[in-house]
Amino acid sequence: MITVHAQYQSRFREITRVEKESFEIAEPTMVALAAAITGKYGPAMTALLMDEDSKSLNSRGTLYLNSKGTRMYLEDGLADGETVFFMVGIAGG
Amino acid sequence: MESRLLRVNLTTGDCKVETVPHAMFERWIGGSGINNWIMWEHFLTHDVNCDPRGPDNIFVFGVGPLAATGSGSGIKGRITFKSPCYGIFGDSAAGGKFPYMVRFAGFDYIAITGRAPKPVYLHLCDGDVEIRDASHLWGKNSAEAHNTLVQELGDFPSLAHTLTIGQAGENQVGIASVVSDASRIHARGGGGCVLGSKNLKAIAVQGSGGVRVHNPRGLLNWSKDFRQKIDQNEAIYGFKRRGTLGAVEMYQHIGSHFWRNNQGNMFRGDEVRSDNWVKKFHKYSEVCSADCYIACDGRYKLDGTESEKAKKYVGESFRRPEYLTTASAAGALDLRDWAEVAHWGKVTNDYGIDNQDLSTSISFIMELEQHGLLSARQKAELFDRDNQSLEWGCMEDVEELMKDMVFQRNRFGEFFHNGPYYGALRYSEFRGENFMKYATYGKGGASFTEEMRPFPTWMNNMAVASRGADHLKGIGLIEKFQRRDLSMKYFGRLEAADLSTPVLKGACTAVVENQVALLNSYGVCLFHWMLDPGGYTPEDYYGRAFAEVTGIDRTPEELMRDGERICNLEKAFNSRLGLRREHDTICERWMFEPCPEGMYPGKVAADMFETVLDEYYEWRGWDQRSGLQTEARLKSLGMDDVAEVLAADGALVRA
Amino acid sequence: MSRTPQKELVTGAVWHPPGAEIPDVEEKLYALSNQCTDCNICEVACSLVHSPDGMVNPLLARLKVDHSPQVGRKAVHPFGFAADICHHCGNPPPCAEVCPTDAFYYDPKTNVAVIAQDKCIQCMECVPGCPFDVIFVAPDGELLKCDLCGGEPACVDACATRPEMNNAGKQYVRAPVLFHTDTAGYRAVLQDKPERKDEVGMMQAMLEAGTVSSAA
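Residue numbers (this note's numbering), protein chains in the order written: chain A, 35 to 127; chain B, 38 to 692; chain C, 13 to 228.
Right, here's the structure in full:
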């Protein structure tokens, strides 16, 4: 079991209604964290976070960064105490 | 596919309508592409080195073939001209209902030359054109002029839609803009100055005509499929509500804002760095530009309770500030109250002036003040008044300097009216001291209020964009969003998504410029694609809509080449003006001063700049040393005629 | 401008003699005011679908986006827009009743009244005759009335969804601002849940009841 932290912005935060929280996950993976988050917040979160067709994290207009500023993918692992930032954004305009 | 071009010579008063033949759409797609060609041809018979404020400059308005057909991908009208502030290729887009109505009035392209002897406006109505007296409009801001015209012109055969200039354009301020239906703005490059120099206050259109589509069922099916894609993209719901303000929180996190003249890259102030606009100010439903399934615009009206400073602006109403309105106000100028950001957005629109170059001209001076480089006497010389306060985050100071610029009241207005680069140069000469290291700018001297030092594609965009430093034409989404999937899709490798390497960054600019050129030529908004750049592409998915509308059927490879051709014509125009590799550059701050904060501190553009630029030229097939186009590449794009003109100007590399 | 009935959209004109029992309209359009964004795509799609030669022209649409919804209309706010749509009134509708030349017939698929252009003499009696001002006059004089596109309205196809338009996250289904709905189901929801008075609430109730036929 490891503890990881999630921080949410804009549309993610509209769904979760909290800015940050922690999860205890059995597997140290993004897969486990994503499952914990969608499990907790239901279909609205699943529609935003997951891409049904490709079975990966939804990449349209989203940005998931670890504390070093690297984008996270489902195949990535997580360290104990790591934070992942869930953002929806656009560039320019 | 055929359409109509209206040619207006304001000197003689002649108005002539020409057919734009199908072959033009085959070569140049429409919109941007055809605008560029109209301007290119004009400068084959007029001096390309003419004064952009003189009668020989041309102002082209165009709307692409997908606009107003129900495609659902929004509408952008495009203006194209020789830029009076940067002296290079100039163009700018804006949405709204004006380009929609131009089509129903019976025109797709308007080309204006000459200079009217006194203030006039153009009235287009169901194929008829009149040049009318505008003396009652001169002196009004862009919204007042619009409202007056709408009232005067009534609602038959339709309501009127307008392009207007404000006082900035009338006073030929270099960075003056053209405003569309009082609420949207062709901001960059000084289109408003060109119209002001021609004594043209407005263009008003009314119409009851139609627009023909080649294959209606095909287009309706495409539209339905497109709508479903939009409706199923969950992230777009956030965009519908926030527009580009969605960038605020994300940029705050990664350190991508432009704070106090780019001395920092994060907003300060709790209000502006969060989503609070949406929570506290946004009370009314989203509205739409035109023809768009997203509808990301919004309206507000201040009642005074929203924030501390809102009490000063009770009753003020406008469209919601977008990201760059916010970046220029809360970022460059450190205004920390949303009511002030909104007010800034409204007054820059009303005066009709570019918020990017205006804010960075003001922030340049404010930084000099911050460093104690302006004595009381020196400020009096600059502003022609004593005791001008220059405090960060002070709206009163900002408004005074804005008026100095719009009304050309003093040396500040005069020196900086072509943007921060030329302003800093002139001020340095005036003072006998070199202040260039405090000026932020890219190609042409144009500025842009985002932190880009950690983003090599963005720094490359600032150096190479045809209309001067610009993020949109080659927008670095793959790198900023670290999209490994898109890097693989376009290049078969991962490096385009890796911020730590210069590899594939110049390539990204080259590929995306071709794609964006297509969207600008189709006449649609960029944002639908930007919200899912892998999901539906300009060269493939949109290409099918282009075929349904025009009957011109192209493969994705052919359309990418069409996009490349359009980009090469813009480049050719600049080459004729003498631009070479040394002009594809950026300011000292971006090149050498380390990024001070945010997620990627310590970054400087210089680490990767030249490597990325080399790669960009390589992908473009241009000469590395001079940056000039090669005969081989132009011939491969079917641009032999352009190559000959360049050769005659000594601007072609015969390779 | 073509004056023949729109055979591509509507199959088989059905004329009912005066006094005959005409079946009721089973599905009709519904448009939420103040969620409309003024994109005008409904007008564009309507005109394109009805055009024999591929012309887009909002002035030829059988619905209109109203930029100044009247005082008294529900939920008007300062920047509201609303789509003015045919209400497909109970049969025979007022427009058909005032017609002096019996130029209205009924589409058997939908039972909505449609104008037969070759019988219409363009007297324009139906224009003030319509209590909702949704019979429009084209620039060339043709009278334009919504025919529900034979049961699959193009305007509904063209209307995009809004962030508010979901059933509170339950099935997570979204609906556009313009949609067509089973009238019996709509009436049932109105009776059943009078507290869902605001329009978005009504739409959500209909989504929950499964009576909205055009969810995304």
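Glycine included, each C-beta is placed from N, C-alpha and C at the ideal position.
Residues near residue i by beta carbon distance below 7 Å, same chain, minus five either side
i: Asn605 of chain B; result: Gln666, Leu671, Leu674, Met676
i: Asp192 of chain B; result: none
i: Gly301 of chain B; result: Pro633, Glu634
i: Glu345 of chain B; result: Asp374
i: Leu108 of chain A; result: Met64, Val65, Ala68, Ser90, Leu91
Range covered by the beta strand (DSSP E) that runs through residue i
i: Arg169 of chain B; result: 165-170
i: His39 of chain A; result: 36-42
i: Ser40 of chain B; result: 40-46
i: Met121 of chain A; result: 117-122
i: Phe355 of chain B; result: 354-356
i: Cys693 of chain B; result: This structure does not reach residue 693 of chain B, given that chain B is present from 38 up to 692, and the question cannot be answered.
i: Lys76 of chain C; result: 76-78
7 Å Cβ cutoff met for residue i and residue j
i: Pro105 of chain C; j: Gly141 of chain C; result: no
i: Ala40 of chain A; j: Glu55 of chain A; result: yes
i: Lys113 of chain B; j: Cys562 of chain B; result: yes
i: Cys87 of chain B; j: Asn455 of chain B; result: no
i: Phe453 of chain B; j: Ser412 of chain B; result: no
i: His100 of chain C; j: Lys40 of chain C; result: yes
i: Ala272 of chain B; j: Arg94 of chain A; result: yes
i: Met64 of chain A; j: Asp110 of chain A; result: yes
i: Val146 of chain C; j: Cys98 of chain C; result: yes
i: Ala95 of chain C; j: Leu75 of chain C; result: yes
i: Ile222 of chain B; j: Val216 of chain B; result: yes
Range covered by the alpha helix (DSSP H) that runs through residue i
i: Arg278 of chain B; result: 272-279
i: Tyr475 of chain B; result: Taken as a continuous stretch (DSSP letters only), Tyr475 of chain B belongs to no alpha helix (DSSP H), as it is neither H nor E.
Residues near residue i by beta carbon distance below 6 Å, same chain, minus five either side
i: Met23 of chain B; result: Nothing can be reported for residue 23 of chain B, as the shown portion of chain B is limited to 38 through 692.
i: Pro493 of chain B; result: Pro539, Lys542, Met645, Val649
i: Arg602 of chain B; result: Leu674
i: His198 of chain B; result: Lys134, Phe135, Met138, Asp218, Val242
Whole-angstrom distance between residue j and residue i, CA atom to CA atom
i: Met489 of chain B; j: Lys155 of chain B; result: 44 Å
i: Tyr75 of chain A; j: Trp566 of chain B; result: 28 Å
i: Val77 of chain C; j: Ile124 of chain A; result: 30 Å
i: Phe610 of chain B; j: Phe126 of chain B; result: 7 Å
i: Ala227 of chain C; j: Leu556 of chain B; result: Residue placement at Ala227 of chain C is flagged as unreliable, the pLDDT there being 44, under the threshold of 50; a coordinate-derived value is accordingly withheld.
i: Gln445 of chain B; j: Ala213 of chain B; result: 12 Å
i: Ser234 of chain B; j: Ser172 of chain B; result: 15 Å
i: Gln183 of chain C; j: Pro77 of chain A; result: Note that Gln183 of chain C scores 45 on pLDDT, short of 50, meaning its location in the model is unreliable; the coordinates nonetheless yield the value given after this. Distance between the alpha carbons of Gln183 of chain C and Pro77 of chain A: 7 Å.
i: Gln204 of chain B; j: Tyr158 of chain B; result: 15 Å
i: Pro253 of chain B; j: Cys161 of chain C; result: 15 Å
i: Tyr478 of chain B; j: Asn471 of chain B; result: 16 Å
i: Gly588 of chain B; j: Glu595 of chain B; result: 15 Å
i: Thr185 of chain B; j: Phe276 of chain B; result: 33 Å
i: Leu103 of chain B; j: Gly109 of chain B; result: 9 Å
i: Tyr42 of chain C; j: Ala172 of chain C; result: 14 Å
i: Ile133 of chain C; j: Val149 of chain C; result: 13 Å
i: Ala87 of chain C; j: Gly460 of chain B; result: Residue confidence is low: Ala87 of chain C scores 44 on pLDDT, short of 50, so the model does not pin down where it sits. No coordinate-derived value is stated.
i: Val501 of chain B; j: Phe62 of chain B; result: 26 Å
i: Lys348 of chain B; j: Glu377 of chain B; result: 10 Å
i: Glu137 of chain C; j: Asp507 of chain B; result: 57 Å
i: Glu39 of chain B; j: Ala60 of chain B; result: 9 Å
i: Gly572 of chain B; j: Leu237 of chain B; result: 42 Å
i: Pro575 of chain B; j: Leu256 of chain B; result: 16 Å
i: Gln47 of chain C; j: Pro165 of chain C; result: 19 Å
i: Gly111 of chain B; j: Thr362 of chain B; result: 21 Å
i: Thr106 of chain B; j: Arg521 of chain B; result: 35 Å
Residue i CB to nearest heavy atom of the ligand ATP below 6 Å
i: Lys510 of chain B; result: Absence of the ligand ATP from the depicted structure is noted, as is the absence of any ligand whatsoever, leaving it without description.
Cutoff 8 Å; reference residue i; Cβ partners in own chain excluding five residues on either side
i: Ala142 of chain B; result: Leu161, Cys162, Asp163, Gly164, Val242, Gln243, Gly244, Gly246
(request) Compile a chain-ordered list of the residues in the segment 85-111 of chain B whose CB is closer than 8 Å to at least one CB of chain C. (result) Along the segment 85-111 of chain B, the positions whose C-beta sits under 8 Å from a C-beta of chain C are Ala105, Thr106, Gly107, Gly109, read in chain order.
(message) Please list, in chain order, the residues of the segment 122-145 of chain B that have any C-beta partner in chain C closer than 9 Å.
(response) Residues of the segment 122-145 of chain B that bring their beta carbon within less than 9 Å of a beta carbon in chain C comprise Lys134, Tyr137, Arg140, Phe141, in sequence order.
(message) Please list, in chain order, the residues of the segment 626-652 of chain B that have any C-beta partner in chain A closer than 7 Å.
(response) Listed by position along the chain: Met636, Tyr637.
(message) By the 8 Å beta-carbon criterion, what residues does the segment 104-124 of chain A contribute toward chain B?
(response) Those would be Thr104, Arg105, Tyr107, Phe119, Met121, Val122, Gly123, Ile124, in chain order.
(message) Along the segment 382-397 of chain B, where does the CB come closer than 7 Å to a CB of chain A? Name the residues.
(response) Listed by position, the residues of the segment 382-397 of chain B near chain A (Cβ gap below 7 Å) amount to none.
(request) Compile a chain-ordered list of the residues in the segment 532-564 of chain B whose CB is closer than 7 Å to at least one CB of chain C. (result) Interface annotation for the segment 532-564 of chain B against chain C: empty, criterion Cβ-Cβ distance under 7 Å.
(request) Pull out every residue of the segment 79-95 of chain A whose Cβ sits closer than 8 Å to any Cβ of chain B, in chain order. (result) From the segment 79-95 of chain A, only Ala81, Leu82, Asn92, Ser93, Arg94, Gly95 have a Cβ closer than 8 Å to chain B.
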